[in-house]
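Colleague: Quick note: the numbering used here has the sequence shown finishing at residue 586, numbered continuously throughout. Here it is, the structure in full.
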Amino acid sequence: MDPSRRGQPRLSVRLPSVNLASDISNTVVPLPDLPPISALFLIDFDVKAGYTIAWKQAAPGIELEGLVEYKSLPSGLHTVSDDLIYFVHEGAHAGLSAFVNMPCDEEDARNARMIAVGVLVPLSYGRLGRAWRHADGLKELAVKLAEDRKRTGLLEAYWSKAKSQEEPVPDLPRTDALLESPLVGAHTPKLKQRLRPLFSIGVHDINFLQEDFEASKRPRTKTDDNVANEAGTGWVACTTDSILAMKDTLWDMLITMPPPYAPNAKERVWPTVECPQGVPVRATQRDLRRFRALKGGLSRLKTTTPGPRPAAESPPAEHTPGIHLTTGAFPSTGVDSDEALDKIVEPISWTALAYSGFLWWASAGEQGRSDEQEEAALDASLLADLGPSTPSMSAPSSGRRLSGGMGDSVNSLAGRRATLSTDDDEARTELAIIAYFHRLTTQMLSVMADAVDNSEQERYEDDEDEDTDAAVDESEESSPLQRGVTGREELGPVQLGSHAVESMGLDVWNGHDAHFVRELAALYFDREVRIEGKGVEVCGVRVC
Numbered sequence: 043m044d045p046s047r048r049g050q051p052r053l054s055v056r057l058p059s060v061n062l063a064s065d066i067s068n069t070v071v072p073l074p075d076l077p078p079i080s081a082l083f084l085i086d087f088d089v090k091a092g093y094t095i096a097w098k099q100a101a102p103g104i105e106l107e108g109l110v111e112y113k114s115l116p117s118g119l120h121t122v123s124d125d126l127i128y129f130v131h132e133g134a135h136a137g138l139s140a141f142v143n144m145p146c147d148e149e150d151a152r153n154a155r156m157i158a159v160g161v162l163v164p165l166s167y168g169r170l171g172r173a174w175r176h177a178d179g180l181k182e183l184a185v186k187l188a189e190d191r192k193r194t195g196l197l198e199a200y201w202s203k204a205k206s207q208e209e210p211v212p213d214l215p216r217t218d219a220l221l222e223s224p225l226v227g228a229h230t231p232k233l234k235q236r237l238r239p240l241f242s243i244g245v246h247d248i249n250f251l252q253e254d255f256e257a258s259k260r261p262r263t264k265t266d267d268n269v270a271n272e273a274g275t276g277w278v279a280c281t282t283d284s285i286l287a288m289k290d291t292l293w294d295m296l297i298t299m300p301p302p303y304a305p306n307a308k309e310r311v312w313p314t315v316e317c318p319q320g321v322p323v324r325a326t327q328r329d330l331r332r333f334r335a336l337k338g339g340l341s342r343l344k345t346t347t348p349g350p351r352p353a354a355e356s357p358p359a360e361h362t363p364g365i366h367l368t369t370g371a372f373p374s375t376g377v378d379s380d381e382a383l384d385k386i387v388e389p390i391s392w393t394a395l396a397y398s399g400f401l402w403w404a405s406a407g408e409q410g411r412s413d414e415q416e417e418a419a420l421d422a423s424l425l426a427d428l429g430p431s432t433p434s435m436s437a438p439s440s441g442r443r444l445s446g447g448m449g450d451s452v453n454s455l456a457g458r459r460a461t462l463s464t465d466d467d468e469a470r471t472e473l474a475i476i477a478y479f480h481r482l483t484t485q486m487l488s489v490m491a492d493a494v495d496n497s498e499q500e501r502y503e504d505d506e507d508e509d510t511d512a513a514v515d516e517s518e519e520s521s522p523l524q525r526g527v528t529g530r531e532e533l534g535p536v537q538l539g540s541h542a543v544e545s546m547g548l549d550v551w552n553g554h555d556a557h558f559v560r561e562l563a564a565l566y567f568d569r570e571v572r573i574e575g576k577g578v579e580v581c582g583v584r585v586c
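Dropping the structure here:
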């Protein structure tokens, strides 16, 4: 207990439990953490006009007609019983609609009543305006209105309860004062833009995507750095409309997911990744090894997690099995044919073959085994502590702390294994995958940040040596604080060795990974990187 509350009555917090379906007309008290809405609308099917807005309320200046009808409906709606659809409206509001497809006796409606109840929330309230907090309320409204479309009083009550009483205070533009401060070194991240999650898009979003593409070509100003104005900053979404794959001017990368895998299929179909004009993006040899390690680690996470507690009459086990990611050989890929992998994985380069062959000859295979063990240990550390408590699991060796919150979430699920259902088991696996890639991203940025820090430290040490060797005129001498932020050319390139590239989880022999490292340093740290690759020299002549 907090020391300041000792001797006082126990503090209790009671959250209201409101059933929107039955009590919404009797209360106008807003629910906690429910973002105010700028618009509420009901979309219904009309025999003559198609899908129209049957009821709406909106703040002044917000247009709904002809803009939200088809954005609020899922693809293949005739085969969908219910769904939640997220979208962005006019670049300033996040939209959320609850769709319901309910059987009815009306022959004019083809014995199915399909409606959608949606809201618009200002983006200034957070990521997607935190519109998902309205999901439960919208679903209950949609079900009630599908049963009786005349109960628009429910919509009136919801609008009165949740509408925005005043204009929200927009987020202040992100200032550059800190980045321009002489007290901050050049390792301060420079990247401000972020990808907007648009969730599901369709052919009705083509005009919006074209406008976003045109906005991306315009130079951005400091006033454009706020969250509300995200036009042209990029996006990520999924779609079921294959026509968007033909609009390769609207996207930079397309990932095509195959149908669900059948165990008795003769050939496994892998996802494909491509750039515009059909340029394929294939995985590196390092990606293939990491995929096999991740697949094996997840399988061990699933199979070695403690099961339900045994009955009282059965003797307890001496040891509770837990997840144990070995650092030995990678999992077998018996079903992965070489022909299928050749289509999605780049072949081993001749330089890598020559280097590994030379090391095997020079060290009798010891160096190769050492590199494999170090790589396997690095991959295993990304899944460490994501299962039940395991003393044999070694912590990540990186100097900077990897993400821990996601690991705590996975551990909380693993700790309740006795009451886990199949869905919970899948959720634990999904959380482990998310934590894995969060840690991989953190690992990449941490290694790069360390390299930039070391480069800065060496530069300042060289400057101090020069100052002690030569006298400098006080009028022309610059203070060390004034050298905190300089141009990329004046700072010089950051030297990144092959071991650092491997520590980032990348392929030191792959040119695409090297290009990625250079772009990462330029965008995130505003620095130029010079990569020192592996190689073997004989009598001063580089042979590989």
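Even for Gly, the Cβ is constructed at its ideal location relative to N, Cα and C. What you are looking at is a predicted structure, and each value in this text was computed from that prediction instead of being measured.
1. Return the bridge partner residues of MET156 from the DSSP annotation.
2. I'd like the span of the beta strand (DSSP E) that includes GLU574, first residue to last.
3. With VAL543 as the anchor, note down where its beta strand (DSSP E) starts and where it stops.
4. Would LEU237 be called buried (16 or more neighbouring beta carbons within 10 Å of its own) or exposed?
5. Helix, strand or coil: how does DSSP classify ALA173 here?
6. Which residues does DSSP list as the beta-bridge partners of TYR128?
7. Would you call the CB atoms of ASP242 and ILE127 closer than 9 Å?
8. If you draw a straight line from the C-alpha of GLN252 to the C-alpha of HIS541, how long is it?
9. Compute the beta-carbon to beta-carbon distance between PHE141 and LEU119, rounded to the nearest angstrom, for a pair I have assumed lies under 8 Å.
10. From ALA199 to ILE285, what does the alpha carbon distance come to, in whole angstroms?
11. In this structure, does DSSP put LYS205 in helix, strand or coil?
12. For the alpha helix (DSSP H) holding ARG560, just list the boundary residues, first then last.
13. Below 6 Å CB to CB, which residues in the same chain sit around ARG572 once its five sequence neighbours on both sides are set aside?
14. Out of ASN306, VAL185, ILE248, point me to the one whose CA is closest to ALA279's CA.
15. Considering only their Cβ atoms, is the gap separating LEU428 from LEU473 smaller than 9 Å?
16. Check the C-beta distance from VAL130 over to LEU240 and give it rounded, since I have them as a contact under 8 Å.
17. At the level of alpha carbons, what is the spacing between ASP75 and PRO318?
18. Tell me the rounded alpha-carbon separation between THR483 and VAL543.
19. In angstroms, rounded to a whole number, what distance separates the CA positions of LYS587 and ILE475?
20. By the three-class DSSP mapping on this structure, what secondary structure does PRO300 have?
21. Keeping to the same chain, check which residues put their C-beta closer than 6 Å to that of MET144; ignore five residues upstream and five downstream.
22. Can you pull the DSSP bridge partners for LEU84?
23. So, using beta-carbon positions, are SER139 and LEU197 closer together than 9 Å?
24. May I ask you to list the residues that DSSP assigns as paired with VAL387?
25. What three-state label does DSSP hand PRO239 in the structure shown?
26. Between TRP293, GLY244, ALA418, which lies nearest to PRO116 when the distance is taken from Cα to Cα?
27. Would you say PRO78 and GLY168 are within 9 Å of each other, going by their C-beta atoms?
28. Starting from the C-beta of PRO357, find all residues in its chain whose C-beta is less than 7 Å away, skip the five residues before and the five after it, and write them out in chain order.
29. For GLU256, which of helix, strand or coil comes out of DSSP?
30. Per DSSP, which one or two residues make a beta bridge with VAL315?
31. Once you ignore the five residues that flank MET546 on each side, which residues in its own chain have a CB closer than 8 Å to its CB?
32. Taking the beta strand (DSSP E) that ALA287 belongs to, which residues open and close that run?
33. Would you please state the rounded distance, in angstroms, between the beta carbons of VAL110 and PHE83? I believe it to be under 8 Å.
34. According to the neighbour-count rule (16 or more other Cβ atoms, all chains shown, within 10 Å of its Cβ), is PHE87 buried or exposed?
35. Do you know offhand how far ILE390's Cα is from ALA563's?
36. Taking all protein chains shown into account, do 16 or more other C-beta atoms lie within 10 angstroms of the C-beta of ALA307, making it buried, or fewer, making it exposed?
Modeller: The relevant details are as follows:
1. Partner(s): ASN143.
2. 571-574
3. Counting along the chain, VAL543 falls outside any beta strand (DSSP E), though it belongs to the alpha helix (DSSP H) covering 540-545.
4. exposed
5. In this structure, ALA173 counts as helix in the three-state DSSP scheme.
6. LEU138
7. Looking at the sequence provided, one finds Ser at residue 242 rather than Asp. Yes, the pair counts as a contact, with Cβ atoms nearer than the cut-off.
8. 42 Å
9. 7 Å
10. 41 Å
11. In the structure shown, LYS205 sits in a strand (DSSP, three-state: E or B).
12. 553-562
13. PRO535, GLN537
14. ILE248
15. Less than 9 Å separates the beta-carbon of LEU473 from that of LEU428.
16. 6 Å
17. 42 Å
18. 13 Å
19. There is no way to answer for residue 587, as the model of the chain reaches only from 43 to 586.
20. coil
21. ARG155, ALA188
22. TRP97, VAL159
23. no
24. ALA325
25. strand
26. GLY244
27. no
28. Low confidence applies here, because PRO357 scores a pLDDT of 41, under 50, leaving its location unreliable; read the following figure in that light. The answer is none, since no qualifying residue turns up.
29. For GLU256, the three-state secondary structure derived from DSSP is helix.
30. ILE297
31. GLN485, MET486, VAL489, MET490, VAL559
32. Here ALA287 belongs to no beta strand (DSSP E); instead the alpha helix (DSSP H) covers 285-288.
33. Confirmed, Cβ separation roughly 6 Å.
34. buried
35. Their backbone Cα atoms lie some 26 Å apart in a straight line.
36. exposed
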